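Residue numbers (this note's numbering), protein chains in the order written: chain B, 2 to 287; chain C, 5 to 548.
Here a beta-carbon is modelled for each residue, glycine too, at the ideal position from N, C-alpha and C.
Computed from a predicted structure; not experimentally measured.
Below is the structure:
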């Protein structure tokens with residue numbers, strides 16, 4: 002299945018909060034993390050993320066695929082950053098070489114050389130921690146928020162009925178979309194289509210994806226006509242909606258929101274004062 | 005003073021803005037409370053347009069010219085808001101998958117009531133009441149996505165009933181159901197009518213609907229009413245080619261017509277596997293088992309050989325493993341234990357593309373595969389993937405177009421064609437690959453009676469196939485077309501025999517969620533005389 006994550010009711014810290022409170026906290030967390038490049042500050046956010054994961058009550062087996070994908074992705078890009086120093090140039094101007102590894106061979110007169118510098122190393126590490134914290138907090142959400150509550154959650158956060166219900170509809174139709182996609186994939190495979198053998202430039206590759214993309218898109222459009230009819234026929238949008246579920250803030254939810262907002266304000270203040278910029282420990286520079 | 009009928013229509017005409025001609029003409033009818041009105045007709049006859057006029061989607065969502073009057077409880081539809089109409093007319097659309105909007109059953113049933121801004125407590129009461137009424141209270145907290153087709157249909161119905169309409173409008177409610185679920189749904193509909201609901205049912209599976217004795221019936225053709233009156237007179241007027249009538253009625257009418265062409269062409273000698281030694285094994289399942297989770301087997305120790313000359317109907321309830329079984333044949337799924345071969349090649353060792361050279365698989369819905377800008381390019385896609393030489397592809401595509409009768413449409417975009425034509429494009433795209441074995445999943449789903457008969461007739465007369473296998477819910481398809489029946493239940497083949505042997509034990513059929521049809525019963529009655537199964541039309545000529 003394309004969509005393999007599943008919400009279940011779990012006895013966890015995260016699920017003990019009102020979903021609105023968690024979304025607010027999560028947004029504050031996300032915004033705050035982006036202010037910092039300092040490895041030491043980022044460890045604070047990593048700790049929050051780790052606590053959330055470890056108390057989430059989600060079994061390794063359930064999330065394994067998502068984790069493997071994310072970790073693989075992050076490691077790959079951090080390593081790439083480490084090798085090339087790509088992206089870090091805006092944060093540091095001088096580099097202190099820790100080691101220089103030169104290959105023992107030449108390619109067309111060029112000796113592949115790896116410069117390991119203090120800055121590149123720390124930049125890669127900081128990036129790793131930063132992206133990992135954000136990614137892991139994000140993937141917890143689909144496992145922990147009841148899909149039937151997305152609409153009321155966003156309604157509760159002040160979005161209009163129609164947009165909030167759109168969230169519910171999205172959750173409802175993601176699995177349908179996933180199934181349409183795998184059906185199309187199977188149907189084209191049965192006509193000898195082999196997605197593994199895509200070749201050519203980017204444009205050519207996208208063109209060769211047409212047998213998958215076109216049917217799935219057309220299906221979604223055709224289906225949406227029925228969906229709109231079904232909504233009209235049951236009086237959607239004629240007036241303010243009652244939402245079957247009711248969410249109530251309790252004390253702990255208010256505390257969580259306050260904590261989130263305080264973290265955000267502190268982060269803003271610190272970064273305005275010039276704290277939390279890219280940092281390289283002194284011993285590496287010596 | 006008598007109360008007015010809940011639904012009265014007077015001289016209704018409608019033309020869509022995008023079309024030149026009227027979609028419906030001069031429709032007048034009235035339906036009393038507690039009655040079922042059957043609206044039958046082939047696709048394109050205007051029945052869906054009529055339904056949209058009654059539930060108010062026309063002219064609100066679909067624009068066009070409307071004249072005439074529709075009265076709901078003596079009030080004109082055009083003077084009511086869609087919210088008001090929705091509380092008088094409850095509509096269940098054809099595909100429950102597309103009209104269920106909630107992630108959980110309770111949310112789905114509550115949807116309309118939420119929109120009407122009812123108090124939360126009242127919504128909860130009404131949701132519970134509607135689920136109770138349809139005896140599906142146990143589904144309340146389930147995910148809608150994982151429900152079976154029959155359950156989805158009932159949940160969609162509950163969502164409409166919760167709004168307490170006095171008129172129920174059902175658009176082909178049986179289309180996606182297996183026979184036992186369809187019978188279930190029909191019984192519910194009858195009991196709702198008996199409780200005082202006015203029911204309008206658009207359906208071309210007339211034979212099934214007649215079992216619940218609708219009081220009145222309408223037969224539509226070309227946007228007009230051709231018959232309107234008590235159901236008892238229905239069979240005399242309607243064209244038995246257009247809608248599916250009980251076998252007895254068809255035989256009576258067909259006797260006076262010339263013998264169907266099928267009798268002389270198709271029955272003489274099946275084209276399937278012609279010109280080669282019959283009985284040679286093409287596809288072999290050896291102790292095949294399959295599972296997603298080891299403790300829940302989807303297929304259990306399947307042993308099966310498909311031979312040259314076989315025309316196999318695969319029957320069985322939803323979720324029995326039919327699709328899983330045929331997906332093994334083309335290698336989309338590989339056995340977890342046991343082995344599987346196509347023309348001697350183990351499916352674990354060759355790619356799907358490789359198997360596609362011998363085995364063509366046509367999926368249920370053509371819209372899941374059509375993508376090319378023209379029919380021609382669509383048909384060339386498969387052979388190109390298989391690296392056939394260009395001039396051969398050109399020839400094969402041209403042949404395939406001729407065979408499925410799509411000549412003249414070569415340059416048309418397949419996505420702009422009608423459903424029946426799309427279905428033929430999907431078959432042709434497999435034909436152009438020069439496959440020897442044709443596998444079809446629900447080939448007749450979504451097509452009306454007339455179209456699906458001519459479609460199946462055409463396929464069986466195609467030269468070039470050595471074996472055909474199709475999955476179906478429709479016992480009559482097995483009766484008319486198959487020479488071998490596989491019944492699948494619970495991941496095993498529970499029966500593998502000729503149609504006459506496989507289908508003669510009605511208790512056994514019911515265990516497999518199949519309902520004996522009038523055609524099957526009639527065929528079994530005449531079997532000593534005929535020696536084989538025929539369509540009702542053919543029987544009329546064979547037994548007299």
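Alpha-carbon to alpha-carbon, residue j and residue i
| i | j | result |
| --- | --- | --- |
| residue 161 of chain C | residue 317 of chain C | 31 Å |
| residue 119 of chain B | residue 133 of chain B | 21 Å |
| residue 452 of chain C | residue 250 of chain B | 54 Å |
| residue 5 of chain B | residue 114 of chain B | Note that residue 5 of chain B has pLDDT 48, beneath the 50 cutoff, so the model's placement of it is unreliable and the number below is only indicative. Roughly 43 Å between the two C-alpha positions. |
| residue 99 of chain B | residue 287 of chain B | 10 Å |
| residue 188 of chain C | residue 518 of chain C | 12 Å |
| residue 11 of chain C | residue 190 of chain B | 50 Å |
| residue 105 of chain C | residue 95 of chain B | 57 Å |
| residue 374 of chain C | residue 418 of chain C | 7 Å |
| residue 307 of chain C | residue 291 of chain C | 5 Å |
| residue 185 of chain C | residue 284 of chain C | 38 Å |
Residue i, DSSP secondary structure in three states
| i | result |
| --- | --- |
| residue 492 of chain C | strand |
| residue 43 of chain B | helix |
| residue 137 of chain C | helix |
| residue 20 of chain C | strand |
| residue 49 of chain C | coil |
| residue 38 of chain B | coil |
| residue 527 of chain C | helix |
| residue 537 of chain C | coil |
| residue 363 of chain C | strand |
| residue 102 of chain B | strand |
| residue 116 of chain C | helix |
| residue 90 of chain C | helix |
| residue 296 of chain C | strand |
Exposed unless 16 or more other CB atoms sit within 10 angstroms - verdict on residue i
| i | result |
| --- | --- |
| residue 269 of chain B | exposed |
| residue 263 of chain B | exposed |
| residue 527 of chain C | buried |
| residue 145 of chain C | exposed |
| residue 22 of chain C | exposed |
| residue 150 of chain C | exposed |
| residue 205 of chain B | exposed |
| residue 76 of chain B | exposed |
| residue 522 of chain C | buried |
| residue 107 of chain C | buried |
| residue 208 of chain B | exposed |
| residue 299 of chain C | exposed |
Practice problem: Identify each residue in the segment 365–389 of chain C for which the Cβ-Cβ distance to at least one residue of chain B is less than 7 Å, and report them in chain order. | Solution: So the close ones are 365, 367, 371, 372, 373, 374, 375, 385, 386, 389.
Quiz prompt | Interfacial residues, the segment 236–250 of chain B to chain C, with Cβ spacing under 9 Å | solution = Those would be 236, 237, 238, 239, 240, 241, 242, 243, 244, 245, 246, 247, in chain order.
Quiz item: Taking one C-beta from the segment 225–238 of chain B and one from the segment 144–155 of chain B each time, how about it: are there three or more such pairs within less than 8 Å?
Solution: Taking a cut-off of 8 Å for Cβ pairs, the segment 225–238 of chain B and the segment 144–155 of chain B do not touch, as fewer than three such pairs fall below it.
Quiz item: How about the segment 147–161 of chain C and the segment 185–196 of chain C: do they share at least three Cβ pairs that are nearer than 8 Å?
Solution: With a cut-off of 8 Å on Cβ pairs, the segment 147–161 of chain C is in contact with the segment 185–196 of chain C, counting three or more such pairs.
Exercise. Could you please tell me which residues of the segment 180–210 of chain C, in chain order, have their CB closer than 7 Å to any CB of chain B?
Key: So the list is empty, because no residue satisfies the distance condition.
Quiz item: So, do the segment 198–210 of chain B and the segment 75–88 of chain C have three or more beta carbon pairs nearer to each other than 8 Å?
Solution: The segment 75–88 of chain C and the segment 198–210 of chain B do not touch, with fewer than three beta-carbon pairs separated by less than 8 Å.
Practice problem: Determine which residues of the segment 191–203 of chain B have a Cβ less than 8 Å from any Cβ of chain C, and write them out in chain order. | Solution: Residues of the segment 191–203 of chain B whose Cβ lies closer than 8 Å to any Cβ of chain C, in chain order: 191, 192, 193, 194, 195.
Quiz item: Are the segment 397–405 of chain C and the segment 434–448 of chain C in contact at 8 Å, needing three or more beta carbon pairs?
Solution: Between the segment 397–405 of chain C and the segment 434–448 of chain C there are three or more inter-stretch CB-CB distances shorter than 8 Å, so the stretches are counted as touching.
Quiz prompt | Contact the segment 244–254 of chain B vs the segment 410–426 of chain C: 3+ CB pairs below 8 Å | solution = They do not touch, by the three-pair rule.
Practice problem: Indicate whether the contact test is met: 3 or more Cβ pairs, each with one atom in the segment 199–213 of chain C and one in the segment 239–250 of chain C, closer than 8 Å. | Solution: Segment contact: the segment 199–213 of chain C against the segment 239–250 of chain C, three or more CB-CB distances shorter than 8 Å; contact assigned.
Exercise. Mind checking the segment 130–164 of chain B against chain C and listing, in chain order, the residues whose C-beta falls within less than 7 Å of any C-beta there?
Key: Within the segment 130–164 of chain B, the residues whose Cβ lies closer than 7 Å to some Cβ of chain C are 148, 149, listed in chain order.
Quiz item: Along the segment 170–181 of chain B, what residues have a CB closer than 8 Å to any CB found in chain C?
Solution: Residues are counted here when their Cβ sits less than 8 Å from a Cβ of chain C; for the segment 170–181 of chain B these are 170, 172, 173, 176, 177, 181, given in chain order.
Exercise. Check whether the segment 278–289 of chain C touches the segment 251–266 of chain C, taking contact to mean three or more Cβ pairs, one atom from each stretch, closer than 8 Å.
Key: Counting C-beta pairs with one atom in each stretch, the segment 278–289 of chain C and the segment 251–266 of chain C have fewer than three that are closer than 8 Å, which means they do not touch.
Practice problem: Note down, in chain order, all residues in the segment 102–126 of chain C with a beta-carbon under 8 Å from any beta-carbon belonging to chain B. | Solution: Here the close residues are 102, 103, 104, 105, 106, 107, 108, 110, 111, 114, 115, 116, 117, 118, 119, 120, 121, 122, 123, 124.
Exercise. Would you check if there are 3 or more beta carbon pairs closer than 8 Å linking the segment 160–170 of chain B to the segment 328–338 of chain C?
Key: No: the two stretches stay apart, fewer than three of their Cβ pairs being nearer than 8 Å.
Exercise. Evaluate contact between the segment 531–543 of chain C and the segment 496–506 of chain C, counting only Cβ atoms and requiring at least three cross-stretch pairs below 8 Å.
Key: The segment 531–543 of chain C is in contact with the segment 496–506 of chain C.
Quiz prompt | Chain-ordered residues of the segment 213–234 of chain B with a beta carbon less than 9 Å from chain C | solution = Result list: 213, 214, 215, 216, 217, 219, 220, 223, 224, 225, 226, 227, 228, 229, 230, 231, 232, 233, 234.
Self-check item: Contact residues within the segment 39–62 of chain C, judged by C-beta distance below 7 Å to chain B
Solution: Correct list: 59, 61.
Practice problem: Note down, in chain order, all residues in the segment 88–100 of chain C with a beta-carbon under 7 Å from any beta-carbon belonging to chain B. | Solution: Here the close residues are 90, 95, 97, 99.
Quiz item: Along the segment 11–31 of chain B, what residues have a CB closer than 8 Å to any CB found in chain D?
Solution: Judged by its chain identifiers, the structure shown contains no chain D, and its protein chains are B and C.
Quiz item: If you measure beta-carbon to beta-carbon, which residues of the segment 70–88 of chain C are closer than 9 Å to chain B?
Solution: Going along the segment 70–88 of chain C in chain order, one finds 85, 86, 87, 88 with a Cβ nearer than 9 Å to chain B.
Quiz item: Is it true that the segment 469–480 of chain C meets the segment 381–392 of chain C, where meeting means three or more beta-carbon pairs spaced less than 8 Å apart?
Solution: They do not touch, by the three-pair rule.
Exercise. Tell me, please, whether the segment 442–450 of chain C touches the segment 377–385 of chain C by the rule of three or more beta-carbon pairs shorter than 8 Å.
Key: Look at the beta carbons and you see the segment 442–450 of chain C not touching the segment 377–385 of chain C: under three pairs across the two are nearer than 8 Å.
Quiz prompt | chain B contacts from the segment 421–455 of chain C (Cβ-Cβ distance under 8 Å) | solution = Residues passing the 8 Å Cβ filter: 433, 434, 437.
Exercise. Determine which residues of the segment 312–334 of chain C have a Cβ less than 8 Å from any Cβ of chain B, and write them out in chain order.
Key: Cβ contacts with chain B come from 331, 334.
Quiz item: Are there three or more Cβ pairs, one per stretch, closer than 8 Å when the segment 320–330 of chain C is compared with the segment 488–495 of chain C?
Solution: Contact between the segment 320–330 of chain C and the segment 488–495 of chain C is present, because at least three Cβ pairs lie under 8 Å.
Exercise. Evaluate contact between the segment 220–230 of chain C and the segment 30–48 of chain C, counting only Cβ atoms and requiring at least three cross-stretch pairs below 8 Å.
Key: These segments touch.
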